[in-house]
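Undergrad: Protein chains in written order, with the working numbering: chain F, -5 to 707; chain S, 121 to 449. For every residue, glycine included, the Cβ atom is placed at its ideal position computed from N, Cα and C.
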Amino acid sequence: MADYHWPPTDKCNLIGRRISRLDGPWKSSGRIKYSYDVNRPNMLHGKMVFSPYAHAKVVSIDTSAAEKMPGVKAVEIMTEPGKEVFWEGHEVVAVAAETEEQARDAARAIQVRYEKLPHLVSDAAPDKAGEHTKQLAEQTDGNPDQMLQQAEVVSEGEYGSPVITHCCLEAHGQVAEWDGDELTLYASTQNVSGIPGELAKANIVTSADKVRVLTPVMGGGFGSKFGADTWGLACARLAKKAGRPVKMMLERDQELMAAGARPSMYAKVKVGAKKDGTLVGWQSESWGTGGPDAQGGAPNLPYVVRIPDRRVKHTAVLTNIGPSRAWRAPNHPQMCVITMSALDDLAAKLAMDPVDLLQKNIQMTGQLSKTYSTELDKASELMDWKKKWHPRGDKTPGPIKKGMGVSIHTWGGAGHPSNCNCAIQPDGSVSVSLGSQDLGTGTRTVIGIIAAETMGLPLEAVKVNIGDSKYPADGASGGSTTVGGVSSSTRRAATAALNQLLEKVAPSLSVKPEELEAVDGEIRVKGNPNKAISWKQACAKLGTSPITGVGQRQRGNDDLISSGVGGAQMAEVSVDTETGIVHVDKLVAVQDCGLIIDLKTAESQVYGACIMGVTYSLFEEKLMDEQTGRCLNADLEFYKLAGIDDFGDIVVHMMTGPGFDERGVIGLGEPPVISPGAAISNAVANAIGVRVPTIPLTPDKVLAALEQKGAVA
Amino acid sequence: MERFEYAHPSTKQEVLRLLGSNWNDAAVLAGGTDLLSLMKEYVVTPKRVVNIKSVAGLNGIHSAAEGVTIGALVTMEELLEDKTIRAEYPALTHAAQGITSPQIRAMGTVGGDLCQRPRCWYFRNGYGLLAKDESGKSLVPEGENRYHAILGNTGPAYFVNPSSLAPALIALDAKLLLVGAKGQRELSAADFFVIPKTDNQRENVLQPNEVLSNIVIPASSRGLRSATYEVRHKTALDWPLAAAAVAVKLDGGKVTAAKIVLGHVAPIPWQAHDAAKELTGQPINESVAAKVGEAAVRGARPLSQNGYKVKLATVAVKRALLAAAKGEA
């Protein structure tokens, strides 16, 4: 019988190799359809009316004029009169019409009267925000006061990152289509299996099994697309009222205003060390906003480097900026910027290379300390750190200063619950089916690789069925848990199916099933490769009865997967000290994630994360205007994203081999996006000799920091 | 966008008949890179859109004894690729290079670059060109003004002129030809732009029933050394934070005449006359260029968030001067 445990990597034909994603050609040729591209016969278009105010009460809604307009087929109130709206862009009414233009015109013709209420959109001054703040419990470990007092060197600073958004290339939204009491949703979602239950809960369908969600591919989610969302429910209701399919995708401005924000986080930090660099104490007062609600606990500072004696205090500022949503590694990039910037400033004060400071205190990183240490060495080699690093302030003449920065980060991973059916047909065809989804990460390809490896077949011999809620239920794709879930269930399902086949085949080869193996498109006797039959011949023995193998990843069956990864990143920047313009010349990302199924899509994840990281380090900020309560850059003109020349060389190194592979599969979506902010900010400080306190590292802030430094010097 | 009537005339006379006497009657469509987004955002809602792309006499770059004539419909890409412009008026080529989107260079026109509306986010969000709240108070001075004006900003206008080419054209002494119902008028590129004082005024002198037809760079500018330097946050498509175009006459290594024009720092392209005067009679080197840069922003009055633009403008002038002196792109 075949064993479901992972084969040794040197015995693998597919696992761990660089394999191009299965859906690449389908995407680039337009053959596979994103929700945005779905057009159903007789389809209507939905548009929403949203609040122009950051905080208001809806007094009345008059849809009569809109309902009489040409092409208008259905109207749905999303916020009833008497209820409040809490941000600009808050959904109030939805309307469906024959064309997108008619729907937009109708939305403008809907008269909504508001009573404006006071708003707060700024997170800059928690001390002045009064009732709009929530103090979270102060946490003290050990004796930070005494340790900081005894510290030989103490560094103090203020660091942080603002609210940013997700900027998924594909906006949120869906097409809803009814057939009697059954609903099909072509939704851009990270949670194919979970959406039907949400629609049942909202009483849109009589039971969850009346809903089918289809998401063959999607254009990014990053944590912002877990729910059906108010617009998903409204779209289904519009379609029901009109008796026709309705497509309602968010426009870019709504996307930026209402479809998710990464909370800001700022902190005043005091950190102390002995002269030899041993960290002795930490104290931080942090604050930030995640919109109108204060969800989640206080940040767990310091990040990664667990200084035993610490006091942390956090204030949540409640603002009318739109709701926060999980953003790729929730809270980690923010905590990383604060911690790694503070440690870098301390290193400068100690006149120490920051890599040496991290190595000196590596035991404080806990059980991954050896990984971090190895990764820092590898990153240093790829960056040529020792040769290029200089103490703070590049002394080279001329306005362009170069600098180097480092950061380390961590993430969990593990695996979400996952169910997989693997079918082998008498004609030899193989399929695996899971109600999972591929956010663009390579999930489909990874599933195919595992099934094909298990069967000893080429990748193209396996059909992968995902992105459809009719398949066995799978978890939401969040927290880097997808690859752990689907790889575990797929491996189990494929092994179970294969074992059934081996039992059928064994008598004809006059051996016991456990003496057989599936290799190179054959079922053969172990140690006797000549005694074999082809895969097709083997499957023909099934007669008219296909095989189904079932595989589950449940909480507890963790022998194929693991969690907890470390990563180290180094940035090299050039700063024009006359203009304050920062250019990232090179970013080195060294990352472990256990057993890698597809090296190519794994590396792609890291490249993508680095690009996203450069973008939020240099450009991104959701800009709110306190006077009007509005988001001033709800567009991609002044909400700036990096272009291809804005990031330099990205060097990715995945940690593989002994010590890593045998840990099993661990997710990778989040970890590599955590460190760029800190590494780049530290590189800028190293280049210009002074800290730019917050990201993004914009010219105004860089010049202000230089001016302050000049004033001090 | 609102419904509109679409007209596609082929002669200037037809265009003039189709335009109205109020701005809301009709809008001129050339490349459409600005007009379409303004209409989609309901910032402008013309009853009629007049596409001038098939109108004769608005195309091509023609060299003649009196100078170079650039048709208003010449695209930014055509301008960028033109060898005469590149050789004789590099400041214009540099400015076109700053538009790092091939799509916008392919569609956007020279006339459109000069006539495009400001990018002020209050204006684009529906608060009017003068960015006023319901009570009539300007939102800019106490608001988000990191990209707003540092010069010519005594109010009520605080936006910056968005044109990429205007500073270079003014530095090169270009003339603009406007065709209207009453015939053609010619004015200097500098006189085209104005700082509005009331809600009824616009940022240039163009009338609702007029069209910018051609731009003429006089032969007298032919021997000048010119350059444009833009400070842009992103390498990818982005508006300059500050820019400077310079055109100088060098004789025996010394400047005998100079024009220095700043972009993206004032509601109009900002002519730094005093700085140009200071430069005259001097050689161009690092320290002179730096001093002239300082002179160019004398009188700057930064708002709460845009003090950094003063520094950027000085650097833009310095770098433009050094590039012009070297004759480099």
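Say whether the stretch 183 to 191 of chain S touches the stretch 262 to 270 of chain S, bearing in mind that this needs 3 or more beta-carbon pairs closer than 8 Å, one atom from each stretch.
TA: These segments do not touch.
Undergrad: Nearest-angstrom Cα distance between methionine 227 (chain S) and serine 333 (chain S)?
TA: One C-alpha to the other measures close to 17 Å.
Undergrad: For isoleucine 172 (chain S), count neighbouring C-beta atoms within 10 Å of its own C-beta (all shown protein chains included) and say buried if the count is 16 or more, exposed if not.
TA: The residue in question, isoleucine 172 (chain S), is buried, as its Cβ has 16 or more Cβ neighbours within 10 Å.
Undergrad: Please decide whether asparagine 281 (chain S) counts as near chain F, where near means a Cβ-Cβ distance under 8 Å.
TA: No, because no Cβ of chain F sits closer than 8 Å to the Cβ of asparagine 281 (chain S).
Undergrad: Check the DSSP bridge columns for aspartate 619 (chain F) and list the partner residues they point to.
TA: DSSP lists F:Arg624 as partners of aspartate 619 (chain F).
Undergrad: Hey, would you say the C-beta of serine 425 (chain F) is under 7 Å away from at least one heavy atom of the ligand ADP?
TA: Ligands displayed in this structure: none; no statement on the ligand ADP is therefore possible.
Undergrad: By a C-beta neighbour count over all protein chains shown, 10 Å radius and 16 as the cutoff for buried, is tyrosine 162 (chain S) buried or exposed?
TA: By the 10 Å Cβ count, tyrosine 162 (chain S) comes out exposed.
Undergrad: Could you tell me whether any Cβ in chain F is nearer than 8 Å to the Cβ of aspartate 319 (chain S)?
TA: Not closer than 8 Å to any Cβ of chain F, the Cβ of aspartate 319 (chain S) fails to qualify, so no.
Undergrad: Counting only C-beta atoms, is lysine 446 (chain S) closer than 8 Å to chain F at any point?
TA: Answer no: the Cβ-Cβ gap between lysine 446 (chain S) and chain F never drops below 8 Å.
Undergrad: Any beta-carbon of chain F closer than 8 Å to the one on histidine 384 (chain S)?
TA: Chain F contact via Cβ: absent.
Undergrad: Tell me whether glutamate 369 (chain F) sits in a helix, a strand or coil according to DSSP, three-state version.
TA: Reduced to three states, the DSSP call for glutamate 369 (chain F) is helix.
Undergrad: Which class does arginine 123 (chain S) belong to by DSSP, given the choice of helix, strand or coil?
TA: Arginine 123 (chain S): coil per DSSP, three-state reduction.
Undergrad: Could you check which residue in F:Met449, F:Leu351, F:Lys530 has the C-alpha nearest to that of aspartate 421 (chain F)?
TA: For the residues F:Met449, F:Leu351, F:Lys530, the minimum Cα distance to aspartate 421 (chain F) belongs to F:Lys530.
Undergrad: What are the partner residues of cysteine 235 (chain S), as DSSP defines its beta bridges?
TA: In DSSP, cysteine 235 (chain S) forms no bridge with anything.
Undergrad: Of all the options S:Tyr247, S:Val230, S:Ala146, which has the alpha carbon lying nearest to the alpha carbon of leucine 297 (chain S)?
TA: When each option's Cα is compared against that of leucine 297 (chain S), the closest is S:Val230.
Undergrad: With DSSP as the reference, please indicate the residues paired to asparagine 171 (chain S) in a beta bridge.
TA: Asparagine 171 (chain S) pairs with S:Leu149.
Undergrad: Quick one: grab the DSSP three-state call for phenylalanine 243 (chain S).
TA: Correct three-state label for phenylalanine 243 (chain S): helix.
Undergrad: Rounded to the nearest angstrom, how far is the Cβ of valine 71 (chain S) from that of isoleucine 380 (chain S), given a contact under 8 Å?
TA: A question about residue 71 (chain S) goes unanswered here, because the residues of chain S that appear run from 121 up to 449.
Undergrad: Which class does isoleucine 388 (chain S) belong to by DSSP, given the choice of helix, strand or coil?
TA: If DSSP states are grouped into helix, strand and coil, isoleucine 388 (chain S) belongs with coil.
Undergrad: Just reading off the beta strand (DSSP E) that asparagine 413 (chain F) is part of, what are its end residues?
TA: Segment 412 to 418, the beta strand (DSSP E) holding asparagine 413 (chain F).
Undergrad: Within a Cβ cutoff of 6 Å, which residues of the same chain sit near leucine 289 (chain S), ignoring the five residues on either side of it in sequence?
TA: Correct list, in chain order: Ala309.
Undergrad: Excluding the 5 residues preceding and the 5 following valine 336 (chain S) in the sequence, name in chain order all residues of the same chain whose CB lies nearer than 6 Å to its CB.
TA: Once the five neighbours on either side are set aside, the close Cβ partners of valine 336 (chain S) are Gly187, Thr189, Lys295.
Undergrad: Using a Cβ-Cβ cut-off of less than 9 Å, give me the residues of the stretch 416 to 431 of chain S that come near chain F, in sequence order.
TA: Within the stretch 416 to 431 of chain S, the residues whose Cβ lies closer than 9 Å to some Cβ of chain F are Gln425, Asn426, Gly427, Tyr428, Lys429, Lys431, listed in chain order.
Undergrad: In whole angstroms, give me the CA-to-CA distance for phenylalanine 654 (chain F) and glycine 588 (chain F).
TA: Whole-angstrom Cα-Cα distance: 5 Å.
Undergrad: Once you ignore the five residues that flank serine 341 (chain S) on each side, which residues in its own chain have a CB closer than 6 Å to its CB?
TA: Excluding residues within five positions, the ones whose Cβ falls inside 6 Å are Leu292, Asp293.
Undergrad: For my contact list, valine 331 (chain S) and valine 366 (chain S) are in at a C-beta cut-off of 8 Å; report their separation, rounded to the angstrom.
TA: 30 Å between Cβ atoms; not a contact.
Undergrad: Measure the C-alpha to C-alpha separation of lysine 317 (chain S) and alanine 59 (chain F) and round it to an integer number of angstroms.
TA: Distance between the alpha carbons of lysine 317 (chain S) and alanine 59 (chain F): 38 Å.
Undergrad: For the beta strand (DSSP E) containing glycine 602 (chain F), name the first residue and the last one.
TA: From DSSP, glycine 602 (chain F) is part of no beta strand (DSSP E) but of the alpha helix (DSSP H) over 593 to 612.
Undergrad: Chain S partners of asparagine 627 (chain F), CB-CB under 8 Å?
TA: What asparagine 627 (chain F) touches in chain S: Trp241.
Undergrad: From proline 129 (chain S) to arginine 238 (chain F), what distance separates their C-alpha atoms?
TA: Roughly 41 Å separates the two Cα atoms.
Undergrad: So arginine 266 (chain S) contacts chain F; which residues on that side make the cut at Cβ distance below 7 Å?
TA: Here the neighbours are Asp694.
Undergrad: Going along the chain, which residues of its own chain have a beta-carbon closer than 6 Å to the beta-carbon of arginine 486 (chain F), five neighbours each way excluded?
TA: Answer for arginine 486 (chain F): Tyr(-2), Gly545, listed in chain order.
Undergrad: Let me know if valine 53 (chain F) comes out buried or exposed under the rule of 16 or more other beta-carbons within 10 Å of its beta-carbon.
TA: Classification for valine 53 (chain F): exposed.
Undergrad: So if I threshold CB-CB distances at 7 Å, which residues from the stretch 166 to 194 of chain S count as touching chain F?
TA: Cβ contacts with chain F: none found.
Undergrad: Give me the chain F residues within the contact set of threonine 213 (chain S), using Cβ-Cβ distance strictly less than 8 Å, ordered along the chain.
TA: Chain F residues near threonine 213 (chain S): none, gap ~19 Å exceeds 8 Å.
Undergrad: Check leucine 295 (chain F) in the structure and name its three-state DSSP category.
TA: It is coil, neither helix nor strand.
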